[in-house]
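Student: Submitted below is the structure of interest, expressed as structure tokens.
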Amino acid sequence: MLNAKVAEKLNAQINSELFASHLYFSIAAYFSSRDLPGMSSWFQAHSVEEHEHAKKLFDFMQKRGARITITELEAPKTEFTSPTDAWETAYNHEKLVTAAIHDIFEVAAEAKEYGTTAMLQWFLDEQVEEEDTFRRNFMLAKAAGDDEWNLQDLDARLGSRNA
């Protein structure tokens, strides 16, 4: 049976991953409204990826016989002042996710939940990649600023990549 404190943290993380999925779908909608289909597609794919992260945690907890609780999700931000603002919002969210994963890892290690720490290693590695990707894209959006040509160029490049 999974340690109660670890289960509580993992449940919170499942809900956090579901929130991230909603946030990134909201950002995709913003980019769609700005006629930036590449960025919209990028965030739609990333929204699906965040849902898959929640499922990975769900499956782990299920295998450990832990009770899974899905809570009400906070409404994501829907208004952005610019593409840079949207990317900065996403980048800052990824930093919060990294901090949460580190916290869960520490709690699991203290509880000697070694199966949990082993599973979380994947998330730790994933967050290094995620933060780097979001940071780079935020910096590219910041460099593009409000210049329509630069935004369209960035949009085309991001639209050709997978999340």
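Position one of the sequence shown corresponds to residue 1 (full-length UniProt numbering), numbered consecutively onward. Positions of the beta carbon are idealized from the N, C-alpha and C atoms, including for glycine. No experiment lies behind these values; they were computed from the predicted model shown.
1) Considering MET1, what are the terminal residues of the alpha helix (DSSP H) in which it resides?
2) Which residues bound the alpha helix (DSSP H) around PHE80?
3) Alpha carbon to alpha carbon, how far is VAL97 from HIS53?
4) Using the rule of at least 16 other Cβ atoms within 10 Å of the residue's Cβ for burial, across every protein chain shown, is SER155 buried or exposed?
5) Quick one: using the 10 Å Cβ neighbour count with 16 as the cut-off for buried, is GLU129 buried or exposed?
6) What three-state label does DSSP hand PRO76 in the structure shown?
7) Among the candidates ASP35, ALA28, GLU88 and ASN3, whose CA atom is the shortest distance from the CA of TRP149?
Tutor: Well, looking at it:
1) Counting along the chain, MET1 falls outside any alpha helix (DSSP H), and DSSP gives it neither H nor E.
2) From DSSP, PHE80 is part of no alpha helix (DSSP H); its letter is neither H nor E.
3) 11 Å
4) First, the amino acid is wrong: residue 155 is Asp here, not Ser. Buried.
5) exposed
6) coil
7) ASP35
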